[in-house]
Amino acid sequence: MKKLTGPFTQMLPLTGLSMKGPLKDSQLQVIKNGWILSNNGRIITIGTLERLRRDHPSAQIEEIADERVVLPGFIDCHTHICFAGNRMNDYALRSAGKSYTEIALAGGGIWDTVTATREASEETLTKLLVKRSERHFSEGVTIIEVKSGYGLSVEQELKQLRAIKAASYLTKAVLVPTCLAAHIKPKDFDGNQGEYLEFIGKELLPVIKKEGLAKRVDIFIDDNAFKPERAVQYLEKAKSLEFDITVHADQFSTGGSEVAVEAGAVSVDHLEATKDRDIKMIANSNTVAVALPGASLGLGMGYAPARKLLNAGACLAIASDWNPGSAPMGDLLMQAAILGAAEKLSAAEVFAGLTFRAAQALRLENRGTLATGAPANLQLYPASDYREILYNQGKLKPVMKMA
Ligand code: NIG
Ligand code: FE
1 MKKLTGPFTQ MLPLTGLSMK GPLKDSQLQV IKNGWILSNN GRIITIGTLE RLRRDHPSAQ
61 IEEIADERVV LPGFIDCHTH ICFAGNRMND YALRSAGKSY TEIALAGGGI WDTVTATREA
121 SEETLTKLLV KRSERHFSEG VTIIEVKSGY GLSVEQELKQ LRAIKAASYL TKAVLVPTCL
181 AAHIKPKDFD GNQGEYLEFI GKELLPVIKK EGLAKRVDIF IDDNAFKPER AVQYLEKAKS
241 LEFDITVHAD QFSTGGSEVA VEAGAVSVDH LEATKDRDIK MIANSNTVAV ALPGASLGLG
301 MGYAPARKLL NAGACLAIAS DWNPGSAPMG DLLMQAAILG AAEKLSAAEV FAGLTFRAAQ
361 ALRLENRGTL ATGAPANLQL YPASDYREIL YNQGKLKPVM KMA
């Protein structure tokens, strides 16, 4: 059924903006007192009430009484929210001066979450994931990428991916699964890094493909995870099975982004340690750079060089990295607003990074704008000017609405 929803004090369709490079706020189209014409949850067009009513006289009218700024739903293109347990102990140790790497080497870190996640049933994981997805949705995030990576065996990775699939039927958010079996080499694997990657390439990825559990494969390339030279072959294997590739790169040590770009990754995520040479290389590629300010905040470390990446011409997305270890907060808007203030990003750049540029990282067509054909999944902010949203640094929460 056709529906006319409005008026909105300001509407930001985020259409017609470039996929790469810097954006100015003056480039944002800001429609005052506009209306949305939708049909069964899809946007047909936006415009004035007079014109839309004249052209579509039978459309049902839904009036918005209060001041509202409307944006397309946010897309969080990097999370690890399928987990059990928590890592408050790690957090306390880090705050007392121990490094993420020291904690990992002392037996804490990712392995702790692997232990807790392995002990949880698929049903429990599903429930926990639905709860986190619903929280994210209520804060504006309508599409959420979710990684496995806390199972680290064939059976346990499949359990996580099945939980993600089950959760996708039970939450209002759209979930996009990614296999991160190459998170770290599990302690109980009898063999070296290369042998582990070969094993999951042979025994796990084909099953995921066959069961349609994920279309994306991720690997954590770092001195304390997988070395760049080890990753190349695994990524080739994943590509040969027609998976999209994404890489955790340059978080603590460099080398990862080069491997990612050479492999034609859809995105390269983290980049806190990326050097100027690699910034140029990323900018000259079709790989989306994903900044994860939540990990910087959780670890008390510097941010990815978002300003430099944009100035060099990269496509920059911003994601939460929500996970129990390095990024426990999981408030995407708050993190993006803080990154924007620290890295001197325009509102246009922040909103682009949370919407259509994040869609590009997930290879999702026609998502993250209010264009014709896009889902009419809206965020309504109680504000009269879009600048209030980032000004409040995440404390202004939206009301979610399907037009
Ligand atoms: O993106 N860097 C590696 N992996 C995650 C952390 C996961 C964890 O600590 O549990 C990240 O920060
Ligand atoms: Fe991550």
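Note that the sequence shown covers residues 1 to 403 in the numbering used here.
In this text, a Cβ means the ideal position worked out from N, Cα and C, and glycines have one as well.
With distances taken Cα to Cα, identify the nearest neighbour of I389 among T372, E343, P375, L333. The shortest C-alpha separation from I389 is found at L333.
Best match in K2, H78, E67, S26 for proximity to T45 [C-alpha to C-alpha]: K2
Assign K20 to buried or exposed, taking buried as 16 or more other Cβ atoms, counted over all protein chains shown, within 10 Å of its Cβ. By the Cβ-count criterion, K20 is buried, with 16 or more other Cβ atoms from all chains shown falling within 10 Å of its own Cβ.
So, does the stretch 217-233 touch the stretch 177-185, judging by three or more C-beta pairs under 8 Å? yes
Return the first residue and the last residue of the beta strand (DSSP E) that G294 is part of. Run containing G294: none in the beta strand (DSSP E); it sits in the alpha helix (DSSP H), 293-299.
Under the three-state DSSP convention, the category R357 falls into: helix
Within 8 Å, do at least three Cβ pairs link the stretch 162-170 to the stretch 187-198? no
I'd like to check one pair, L4 with L52: are the Cβ atoms closer than 7 Å? yes
Would you list, in sequence order, the uninterrupted beta strand (DSSP E) runs of no fewer than 3 residues that lie entirely inside the stretch 210-256? 216-220, 244-249
Are the Cβ atoms of A263 and I245 separated by less than 7 Å? yes
With a 10 Å radius around its C-beta and 16 neighbouring C-beta atoms as the bar for buried, classify S257 as buried or exposed. buried
Pick from A173, G212, P206, S153: whose alpha carbon is nearest that of K187? S153
Just the Cα atoms here: how many angstroms apart are G368 and K24? 18 Å
What number of angstroms, rounded off, separates the C-alpha of A65 from the C-alpha of P7? When rounded, the distance between both Cα atoms is 8 Å.
Who are the Cβ neighbours of E119 in its own chain at under 6 Å, not counting the five residues just before and after it? none
What does DSSP give as the partner residues of A167 in its beta bridges? For A167, which the question treats as bridged, DSSP gives no partner whatsoever.
Give the C-beta separation of L12 and F351 to the nearest angstrom, bearing in mind that I take them to be a contact with Cβ-Cβ under 8 Å. With 8 Å as the limit, L12 and F351 qualify as a contact, their Cβ atoms being about 7 Å apart.
Is G255 near the ligand NIG, going by C-beta to nearest heavy atom under 6 Å? no
Between the stretch 75-88 and the stretch 145-162, can you find at least three pairs of beta-carbon atoms closer than 8 Å? yes
Is the beta carbon of D321 within less than 6 Å of some heavy atom of the ligand FE? Yes, Cβ of D321 sits closer than 6 Å to a heavy atom of the ligand FE.
Looking only at its own chain, which residues have a Cβ that is under 6 Å from the Cβ of A304, when we skip the five neighbours before and after it? Here the set comprises L271, E272, A291.
Residue burial classification, S320 (beta-carbon count within 10 angstroms, cutoff 16): buried
L205, DSSP secondary structure in three states: helix
When DSSP builds the beta bridges, which residues end up paired with G34? Answer by DSSP bridge pairing, in chain order: F8.
P177 bridges to which residues according to DSSP? V146
Kindly indicate which three-state DSSP category S410 falls into: helix, strand or coil? Past the boundaries of the shown model lies residue 410; the chain is included only from 1 to 403, so the question cannot be answered.
Please list the terminal residues of the continuous alpha helix (DSSP H) segment that includes M334. 332-343
How big is the Cα-Cα spacing for E122 and E157? The alpha-carbon atoms of E122 and E157 are separated by roughly 11 Å.
Can you give me the C-alpha to C-alpha distance between I318 and G73, rounded to a whole angstrom? Each residue's alpha carbon lies about 14 Å from the other.
Are the stretch 336-347 and the stretch 84-94 in contact at 8 Å, needing three or more beta carbon pairs? no
Starting from M400 and walking both ways along the alpha helix (DSSP H), at which residues does that stretch end? Run containing M400: none in the alpha helix (DSSP H); it sits in the beta strand (DSSP E), 399-402.
Helix, strand or coil, according to DSSP, for F199 in the structure here? helix
Just to confirm, is the Cβ distance from F243 to Q193 under 7 Å? no
Supposed close pair E67, A383 - CB separation, criterion 8 Å: 7 Å
Measuring from the CB of F220, is there a heavy atom of the ligand NIG at a distance below 6 Å? F220 has its Cβ nearer than 6 Å to a heavy atom of the ligand NIG.
Burial state of G300, where buried means 16 or more other Cβ atoms lie within 10 Å: exposed
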